[in-house]
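Have a look at the structure below before the remarks.
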Amino acid sequence: MKGLGRNVLLFTASALFLVYVLAPVAWLVSSSVQQEAEITSRPPHWIPRQPTLENFEAIFQAKEKKVTYETRRAGDPATGGYIPSTARDLVPSMWNSLIVAVSVVVLNLLVAVPAAYAMAKIRYIGRSTSIYFMLTTRVIPDIALVVPFFLFIRTFGLLDHLGSLVITYLAITIPFSVFILVGYFESLPDELDKAARVDGCSRLQTLLRVYVPLAMPSLVAVVLFTFLTSWNEFLLALMFTQTPASQTMPIVVASFASDFTISFSFINAAGVLAVVPPVLMAVVFERYIVSGLTAGAVKG
Amino acid sequence: MARIRLESVGKRYPNGFVALEELSLEIADREFVVLLGPSGCGKSTTLNLIAGLEDVTAGSLYFDSTLMNVVPAHKRDVAMVFQSYALYPHKSVYENIAFGLRMRGHPRAEIESRVKDAARSLEIEPLLERRPHQLSGGQRQRVALGRALVRQPAAFLMDEPLSNLDAALRIAMRAEIKKLHHTMRTTFVYVTHDQAEALTLADRIVVMREGVIQQIGSPEEIYDRPRNTFVASFLGNPPINYLEGTLAADGARFVRGGLSLALPPELSKKIGAENGRQVRLGIRAEDVDPRGTGETLQGRISSVLPVGSDQFLGVEVEGTTLFFRVGRELRAAEGENVALSVNMNRAQIFDSSSGASLLWK
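Those protein sequence lines, which keep their order, are chains L and A.
Start counting the first sequence at 31; every next residue gets the next number (this note's numbering).
Start counting the second sequence at 231; every next residue gets the next number (this note's numbering).
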């Protein structure tokens, strides 16, 4: 009976936790397909009475729609909540976010994987110092880096250019990626490295043919981490991008909220779209995630 | 086929630790050389230097007459077997064995026939599709051997390859490795801390300590004519017994308290007359006979340890306990007195302070 009580307690606790974590997401999804009138009703309707895809239509058709002061009510006739003129920037901004995130993921791997292998398996002077020095850069809050980054970006003429985001996101993600991978590579026996080299692999081949396949769980963790960081980043993107040419999704979505007549259901629809790519990635890589996050910590 | 020559080779790590100092060694083509010593003596470092896995920081390393100091590991034609086997966990047994050939660009058909041949000779053919984690320790060991021998390398390097196996398997594998050496007809360099492995396998043994070679010689030479107490102690089971004492009668007698043993003329000639010199007498555990005559040790039995075929006796002689191996026919009991005759022709004499042999230089 003691075991049963324990199970009931654990079940209740995890159920409560799940509700706590998932309720906002559920509300986001539910309200994105509600009418503006329904969204503000009390008590709230968790399950929409009259689900509508109007908001999503507005986002994907915004390009053709000419929204003016006179036609703003057209966005949502039910309440007068309005579809902002920047709605047409949302889809391009998703592309911008995707381009930035994918570039950061790829470049991050190209730098972090060889760096981590070298730090884990090659003994050189200043090895441990370099690992800690790199980590130390992550102790500095991003806000303190904004001004130096801005000056740097301006000097290179990259303001309002996706390149500015790729460069700064790499500076943020590489140290942590290297740290995760160093831990994992160190947990793999040195003798594997030696065996591969005696078998005829150069250092690079050893890395690509032996260590990379074995480090898959960690690599997935790194890919997810860098993708999500780049996808969600707000502060630097706000500073370095000024026009829809380079604005990323968080910036455009945030800009919707600047008008008090904005349709909440429309913002929530945009929010749903913002969540889709990371969720897709998480689903695809799900079976690797847990082992990747813990693998580096436990030395073999 | 390769002759391996190390000329005053040194290895110093960036943190200042000197693993090897001025090591010179020549390994003949097709020779089986065992590097023997306690952990940290530099034997594995020597092997890594030969393989090219670590950089030589002083001196020169040659394969035949080619200087190898800066040739990277993957361009040296050597194969290596590791204590942990170091099989690639993500590859099948077949892929593990084939990997070295693939990296060297052999054609597919040739790789397949060579892998099959190697697997057949090691009796691991049924395992080719498995992954390393599905194998027992002995099977992994065989795969590791297969991975090395399939390449038909110029030199075969082994770093404590049997240490992770259980005792029975270890003895069986020793025989297989010896057979392998005969069939492969190539140079073997084998690192171990196990004296029995060294004595059974080696053409020549190199005894090392703290980065310095103590003695190089055939197993018989190393066992019968150790150059210092370190070498003498490292080989033999139970280990050699020492008695501190002095020389007397112009080097013809060894004296310790009430004990006085006559040294055979050949030995005392080598030592030279030097009365009163502090020496350490070494008697191997098996060099006594309870029924013999001649020079005898009197003592009280402090322990009796039967080991099946023989028994080990702990005997208190002149204040120290010596361990001997005697036949089972001796009825011995703790606390009894015993007289053992010593084969003084096989006795070793070392300088007390330096530990260097006075007989073999």
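Even for Gly, the Cβ is constructed at its ideal location relative to N, Cα and C.
Bear in mind the structure is a predicted one, so any value in this text is a computation, not a measurement.
Since residue i is in the alpha helix (DSSP H), which residue starts that stretch and which ends it?
i	result
L:Q235	R233 to T236
L:P247	M246 to N262
A:G330	V323 to M333
A:A258	First-last for A:A258: undefined, no H or E at that position.
L:M269	L265 to F270
Considering residue i, what are the terminal residues of the beta strand (DSSP E) in which it resides?
i	result
A:V239	I234 to R242
A:Y420	T417 to T422
A:R381	It is not in any beta strand (DSSP E) - A:R381 carries neither H nor E in the DSSP assignment.
A:D581	Q578 to D581
L:A287	First-last for L:A287: undefined, no H or E at that position.
A:S571	N567 to V572
A:S290	A288 to F293
A:M388	A385 to D389
Tell me the rounded alpha-carbon separation between residue i and residue j.
i	j	result
A:R415	A:A405	16 angstroms
A:E546	A:P468	16 angstroms
L:L131	L:P144	Per the sequence shown, the amino acid found at residue 131 of chain L is Ala instead of Leu. L:A131 and L:P144: Cα-Cα distance of roughly 20 angstroms.
L:I89	L:A117	6 angstroms
L:P247	L:A201	23 angstroms
L:A327	L:L249	The predicted position of L:A327 is uncertain, since its pLDDT is 38 and thus under 50; no value can be drawn from it.
L:D106	L:I204	Note that L:D106 scores 49 on pLDDT, short of 50, meaning its location in the model is unreliable; the coordinates nonetheless yield the value given after this. About 44 angstroms.
A:V239	A:G529	48 angstroms
L:R317	L:A251	11 angstroms
L:N303	L:V282	The sequence shown places Leu at residue 303 of chain L, rather than the Asn named in the question. Cα to Cα, L:L303 sits roughly 12 angstroms from L:V282.
L:E94	L:D119	Reliability fails at L:E94, whose pLDDT of 49 lies under 50, so the model's placement of it is uncertain and no value is given.
L:S194	L:S133	12 angstroms
L:P311	A:A397	The question names Pro, but residue 311 of chain L is Met in the sequence shown. Spanning the two alpha carbons is a distance of roughly 51 angstroms.
L:I183	L:V141	21 angstroms
A:R381	A:A348	10 angstroms
L:M164	L:R157	11 angstroms
A:L588	A:K500	7 angstroms
A:E440	A:L236	17 angstroms
Hey, does residue i have any beta-carbon neighbour from chain A nearer than 7 angstroms?
i	result
L:K224	yes
L:G156	no
L:K329	In this prediction, L:K329 scores a pLDDT of 33, lower than 50, which makes its location untrustworthy; the coordinate-derived value is nonetheless stated afterwards. Not closer than 7 angstroms to any Cβ of chain A, the Cβ of L:K329 fails to qualify, so no.
L:G35	no
L:R317	no
L:E221	yes
L:M243	Per the sequence presented here, residue 243 of chain L reads as Pro, with Met not at that position. Yes, because at least one Cβ of chain A sits closer than 7 angstroms to the Cβ of L:P243.
L:S232	yes
L:V240	yes
L:R168	no
L:V228	yes
Which residues in the same chain have their Cβ closer than 7 angstroms to the Cβ of residue i, if we skip the five residues on either side of it in sequence?
i	result
A:S393	Q313
A:L352	R372, L375 and G376
L:F86	A299
A:A232	D259, F293, D294, A384, A385 and T417
A:D517	V572, N573 and R576
A:I341	A328, L331 and R332
Counting contacts by CB-CB distance shorter than 7 angstroms, is residue i in contact with chain L?
i	result
A:R344	no
A:M310	yes
A:H363	no
A:A328	no
A:R561	no
A:R338	no
A:S314	yes
A:M333	yes
Within a Cβ cutoff of 6 angstroms, which residues of the same chain sit near residue i, ignoring the five residues on either side of it in sequence?
i	result
L:T280	In the sequence under discussion, the amino acid at residue 280 of chain L is Pro, which differs from the Thr named in the question. Closer than 6 angstroms at the Cβ level, and outside the excluded window around L:P280, lie F264.
L:F286	P114, I292 and I297
A:S533	G544
A:E284	N278
A:T430	R404
L:S207	N138, A142 and V252
Kindly list the residues whose CB is nearer than 8 angstroms to the CB of residue i, restricted to its own chain and excluding five residues on each side of it in sequence; keep chain order.
i	result
A:A515	G466, N467, P468, P469, I470, N471, F542, F553, F554 and R555
A:T523	S571
L:L137	V196 and L200
A:M214	Beyond the ends of chain A as shown, which are 231 and 591, falls residue 214 of chain A; an answer cannot be given.
For residue i, is the beta carbon positioned less than 6 angstroms from some heavy atom of the ligand ZN?
i	result
A:Q445	Among the components modelled here there is no ligand, and therefore nothing to report on the ligand ZN.
Checklist entry - If you pair each beta-carbon of the stretch 450-460 of chain A with each one of the stretch 301-308 of chain A, do three or more pairs fall below 8 angstroms? => result no
Checklist entry - Using 8 angstroms as the threshold, is the stretch 295-306 of chain L in touch with the stretch 52-68 of chain L, meaning 3 or more CB pairs across them? => result yes
Item to check | Inter-stretch contact (C-beta, 8 angstroms, three-pair minimum) for the stretch 233-243 of chain L and the stretch 173-182 of chain L | outcome: no
Checklist entry - On the three-pair Cβ rule with 8 angstroms, is the stretch 213-221 of chain L touching the stretch 119-127 of chain L? => result no
Checklist entry - When the Cβ atoms of the stretch 431-443 of chain A are set against those of the stretch 258-265 of chain A, are three or more pairs found closer than 8 angstroms? => result yes
Next on the checklist: Counting beta carbon pairs with one atom in the stretch 317-327 of chain A and one in the stretch 277-297 of chain A, are three or more of them shorter than 8 angstroms?
Outcome noted: no
Checklist entry - Per the contact definition of three or more C-beta pairs closer than 8 angstroms, is the stretch 326-334 of chain A in contact with the stretch 222-233 of chain L? => result yes
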